[in-house]
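S.K.: One structure follows; several queries about it will come next.
Number of protein chains: 2
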Amino acid sequence: MAHSLATAPTCSNCPIRHRALCARCDDDELEDLNRIKFYRTYKAGQTIAMRGDALDVVASVVSGTATLERGIEDGRTQMVGLLLPSDFIGRPGRTTLQYDVTAVSELTLCCFARKPFEALLIQIPHLQERLLEMALDELDAARDWMLLLGRKTAREKIASLLMLMAKRTMNPDGEAMGTTSRLELPISRETMANFLGLTIETVSRQFTGLRKDGVIGLDGNRVVLIPDLQDLLVESGDDGDGGPLI
Amino acid sequence: MAHSLATAPTCSNCPIRHRALCARCDDDELEDLNRIKFYRTYKAGQTIAMRGDALDVVASVVSGTATLERGIEDGRTQMVGLLLPSDFIGRPGRTTLQYDVTAVSELTLCCFARKPFEALLIQIPHLQERLLEMALDELDAARDWMLLLGRKTAREKIASLLMLMAKRTMNPDGEAMGTTSRLELPISRETMANFLGLTIETVSRQFTGLRKDGVIGLDGNRVVLIPDLQDLLVESGDDGDGGPLI
DNA sequence: GTGCCCTGTTGATCTGTGTCAAAGCAGGCC
DNA sequence: GGCCTGCTTTGACACAGATCAACAGGGCAC
Numbered sequence: 001m002a003h004s005l006a007t008a009p010t011c012s013n014c015p016i017r018h019r020a021l022c023a024r025c026d027d028d029e030l031e032d033l034n035r036i037k038f039y040r041t042y043k044a045g046q047t048i049a050m051r052g053d054a055l056d057v058v059a060s061v062v063s064g065t066a067t068l069e070r071g072i073e074d075g076r077t078q079m080v081g082l083l084l085p086s087d088f089i090g091r092p093g094r095t096t097l098q099y100d101v102t103a104v105s106e107l108t109l110c111c112f113a114r115k116p117f118e119a120l121l122i123q124i125p126h127l128q129e130r131l132l133e134m135a136l137d138e139l140d141a142a143r144d145w146m147l148l149l150g151r152k153t154a155r156e157k158i159a160s161l162l163m164l165m166a167k168r169t170m171n172p173d174g175e176a177m178g179t180t181s182r183l184e185l186p187i188s189r190e191t192m193a194n195f196l197g198l199t200i201e202t203v204s205r206q207f208t209g210l211r212k213d214g215v216i217g218l219d220g221n222r223v224v225l226i227p228d229l230q231d232l233l234v235e236s237g238d239d240g241d242g243g244p245l246i
Numbered sequence: 001m002a003h004s005l006a007t008a009p010t011c012s013n014c015p016i017r018h019r020a021l022c023a024r025c026d027d028d029e030l031e032d033l034n035r036i037k038f039y040r041t042y043k044a045g046q047t048i049a050m051r052g053d054a055l056d057v058v059a060s061v062v063s064g065t066a067t068l069e070r071g072i073e074d075g076r077t078q079m080v081g082l083l084l085p086s087d088f089i090g091r092p093g094r095t096t097l098q099y100d101v102t103a104v105s106e107l108t109l110c111c112f113a114r115k116p117f118e119a120l121l122i123q124i125p126h127l128q129e130r131l132l133e134m135a136l137d138e139l140d141a142a143r144d145w146m147l148l149l150g151r152k153t154a155r156e157k158i159a160s161l162l163m164l165m166a167k168r169t170m171n172p173d174g175e176a177m178g179t180t181s182r183l184e185l186p187i188s189r190e191t192m193a194n195f196l197g198l199t200i201e202t203v204s205r206q207f208t209g210l211r212k213d214g215v216i217g218l219d220g221n222r223v224v225l226i227p228d229l230q231d232l233l234v235e236s237g238d239d240g241d242g243g244p245l246i
């Protein structure tokens, strides 16, 4: 289950430092965190936790992708969050989970038992502060997603998703506008549909449509070639201000 | 603009204590907050702030209702938050606003300049903690709303909205199931449409439909009579677990 | 190779909701 | 009263996306 200690990634190599929980911790504080942390890995498709489960662990994503989903009894579900490396799961002060959490790729979590973690929060005030910042970023992202779900067309939804993936995947300073970008999608059509409030058929048709219109190219069904990001901006209705999306 | 000091409400009489920012403050801490607070009032329909405005004030809603909206350039807008008494606006550490904030009824805010407020946050750790809890509640609410926007039908959306209003308006322990409840809506058809990702015509038709099917009664267009809340639960696809909705 | 499973694509059709347009209704003001 | 103006309702129609169904392709076991 857990990595061996020798190969285990450490908090100090969180892949995207500025978003990470411990972004502002000094060495002593990192040491405090290291003392109580442990790792868990999951296979693609594996359920991490279900709605209503006791929440006695909080965690940071070290590598891989996971999803948060909310469902109705009749089987309809809506993805409400996409967890990428450095994102945080769980919440101090809450004892049960509100969502289904699933690994969509091989996933490694850096976990902390809730009780000692809460104790550390009191001891290290700027950890609490950082957690608040991250929660507010997530809130902004959720609200942007509400705009997408409530008001955008299927094509705009797809375009927005591609923009989001591009932003989180590619070097922000590289890839000048007008250069063809190669974008590898980490999720299936079904996951996308779930994310966008669409059906898989509609997602598939939109990809075909965008390809026929020359806005994107497809290489297999997990790789998208984007000749001009600007075109996608038009399709997506995104004003490109770079606000947090997830 | 501001209330006279004599009639000004104080933080200690926040109408819904358990959700309020200062819910766990002692007298000394309340005094610290009181020293830097001031009040602002707005008329129904008045714009409080626009997206991109500098955010040098944070505030708690004392009375009335406000909305948060996110829009695309072509005029489409989606409401992303409903602010009721005791809800909090603004965020420490962020300098510009992400949304349009509008008063939909006569509104009173209890404001704090951002700088001194941030200083207080450091001085009073459990204020920070409370802020985190509130942000996480908002996040849960936003995510429930994503399920509604992405997967529910127009009728279910209306029913969910009525359930939400009922929960926030009515005495939670009163009104046994099976008793007719009288629910006064604080928002117009347009605001509802904006909230639900629908058009005003669809909202209107759904109200008519629910009335014709005997699920609700209408008394004017701002008052809804609900013979049996259980019926609404069925319509809304809400499992009624009482999780935070906004 | 064959058969099976899983994911994705494409087609035909249906339907819920948006769009456009007109009319009803209440409140305010002259 | 009459005439606004703003909000709501209702109708006719169009269309985006859902639904149902068939098929294609790749990976894998055998």
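Listed in order, the protein sequences are those of chains A and B.
To convert, note that position 245 of the first sequence is 245 in this note's numbering; the numbers rise steadily by one, no gaps.
To convert, note that position 207 of the second sequence is 207 in this note's numbering; the numbers rise steadily by one, no gaps.
Each residue gets a CB set at the ideal place from its N, CA and C atoms; glycine is no exception.
Rank B:R51, B:T108, B:P125 and B:Q78 by C-alpha distance to the C-alpha of T95 of chain B and give the top, closest one.
M.R.: When the alpha-carbon of T95 of chain B is set against those of B:R51, B:T108, B:P125 and B:Q78, the nearest one is in B:R51.
S.K.: Sort out for me which residues DSSP pairs R182 of chain A with in a bridge.
M.R.: Under DSSP, R182 of chain A forms a beta bridge with A:L225.
S.K.: Quick one: is L82 of chain B near chain A, going by C-beta distance under 7 angstroms?
M.R.: no
S.K.: Identify the contact partners of M146 of chain A in chain B, using a Cβ-Cβ distance below 7 angstroms as the criterion.
M.R.: The contact set of M146 of chain A on chain B, defined by CB atoms closer than 7 angstroms, consists of Q78, V80, A142, W145, M146 and L149 in chain order.
S.K.: When you compare the CB positions of L198 of chain A and A154 of chain A, do they come within less than 7 angstroms of one another, or not?
M.R.: yes
S.K.: If distances are taken between C-alpha atoms only, which option among B:L127, B:L149, B:R70 and B:E29 comes closest to N194 of chain A?
M.R.: B:L149
S.K.: Helix, strand or coil, according to DSSP, for R211 of chain B in the structure here?
M.R.: helix
S.K.: When you compare only the Cα positions, how much space is there between V215 of chain B and G214 of chain A?
M.R.: V215 of chain B and G214 of chain A: Cα-Cα distance of roughly 50 angstroms.
S.K.: Let me check you understand the geometry: is the CB of L107 of chain A closer than 6 angstroms to at least one non-hydrogen atom of the ligand MN?
M.R.: Within the structure as shown, the ligand MN is missing, as the structure has no ligands at all.
S.K.: Measuring CB atoms only, is the stretch 106–114 of chain B touching the stretch 67–80 of chain B, in the sense that at least three cross pairs come out at less than 8 angstroms?
M.R.: Note that the stretch 106–114 of chain B does not touch the stretch 67–80 of chain B; fewer than 3 beta-carbon pairs, one per stretch, sit closer than 8 angstroms.
S.K.: By Cβ distance, which residues of its chain are closer than 6 angstroms to I36 of chain B, with the 5 residues on each side in sequence left out?
M.R.: F112 and P116
S.K.: Nearest to E29 of chain B by CA position, among B:L120, B:L210, B:D228 and B:S188, is which residue?
M.R.: B:L120
S.K.: Please confirm whether V61 of chain B and L83 of chain B have their CB atoms less than 7 angstroms apart.
M.R.: yes
S.K.: Going along the chain, which residues of its own chain have a beta-carbon closer than 8 angstroms to the beta-carbon of T7 of chain A, five neighbours each way excluded?
M.R.: Bear in mind that the predicted position of T7 of chain A carries a pLDDT of just 44, short of 50, making it unreliable; the figure below should be weighed with that in mind. Nothing meets the Cβ criterion.
S.K.: Under 7 angstroms, do A103 of chain B and I187 of chain B count as touching if we go by C-beta distance?
M.R.: Result no, Cβ atoms of A103 of chain B and I187 of chain B do not sit closer than 7 angstroms.
S.K.: I48 of chain A touches chain B at which residues, Cβ-Cβ below 7 angstroms?
M.R.: Here the premise fails: no neighbours, minimum Cβ distance about 17 angstroms.
S.K.: Measure the Cβ-Cβ separation of V80 of chain B and R91 of chain B and say whether it is below 7 angstroms.
M.R.: no
S.K.: So the alpha helix (DSSP H) L131 of chain A belongs to, where does it begin and stop?
M.R.: P125 to R151
S.K.: Less than 7 angstroms between the beta carbons of P227 of chain A and T180 of chain A, yes or no?
M.R.: yes
S.K.: With 16 other CB atoms within 10 Å as the buried threshold, where does K157 of chain B fall?
M.R.: buried
S.K.: L162 of chain B and V101 of chain B look like a contact to me (Cβ under 8 angstroms); what is the Cβ gap, rounded to whole Å?
M.R.: About 24 angstroms separates the two Cβ atoms, so there is no contact after all.
S.K.: Starting from M192 of chain B, follow the alpha helix (DSSP H) in both directions and report where the run begins and ends.
M.R.: R189 to L196
S.K.: Check whether the Cβ atoms of I21 of chain A and F88 of chain A lie closer than 7 angstroms to each other.
M.R.: Contrary to the premise, residue 21 of chain A reads as Leu rather than Ile in this sequence. Yes, these two residues count as a Cβ contact at 7 angstroms.
S.K.: State the Cα-Cα distance for the pair E184 of chain A and A141 of chain B, rounded to the nearest angstrom.
M.R.: 32 angstroms
S.K.: Any beta-carbon of chain B closer than 7 angstroms to the one on I200 of chain A?
M.R.: no
S.K.: Are the Cβ atoms of Y99 of chain B and L68 of chain B separated by less than 7 angstroms?
M.R.: yes
S.K.: Whose CA, out of B:R222, B:V234, B:E138 and B:Y42, lies closest to the CA of K152 of chain B?
M.R.: B:V234
S.K.: For a contact meaning CB atoms closer than 8 angstroms, what does R70 of chain B contact in chain A?
M.R.: In chain order: R143, D144, M146 and L147.
S.K.: Just the Cα atoms here: how many angstroms apart are Q230 of chain B and S160 of chain B?
M.R.: 12 angstroms
S.K.: Can you tell me which of A:K212, A:A44, A:Q123 and A:R222 puts its alpha carbon nearest to the alpha carbon of M192 of chain A?
M.R.: When only C-alpha atoms are compared, the closest one is A:R222.
S.K.: Would M251 of chain A and Q78 of chain B qualify as a contact pair, given that the criterion is a beta-carbon distance under 7 angstroms?
M.R.: Residue 251 of chain A lies beyond the residue range present for chain A, which begins at 1 and ends at 246; the question has no answer from this structure.
S.K.: Look up R40 of chain A in the DSSP assignment and say whether it is helix, strand or coil.
M.R.: R40 of chain A: strand per DSSP, three-state reduction.
S.K.: Near T202 of chain B, what residues of its chain come up, given a Cβ to Cβ distance below 8 angstroms and the 5 sequence neighbours on each side ignored?
M.R.: A154 and A193
S.K.: Just tell me which of A:K212, A:L218, A:T208 and A:A59 has its CA closest to the CA of T114 of chain A.
M.R.: Going by the sequence as given, residue 114 of chain A is Arg instead of Thr. The option with the nearest alpha carbon to R114 of chain A is A:A59.
S.K.: Interface residues of chain B around R211 of chain A at Cβ under 8 angstroms?
M.R.: In chain order: nothing, as chain B lies at least about 24 angstroms away.
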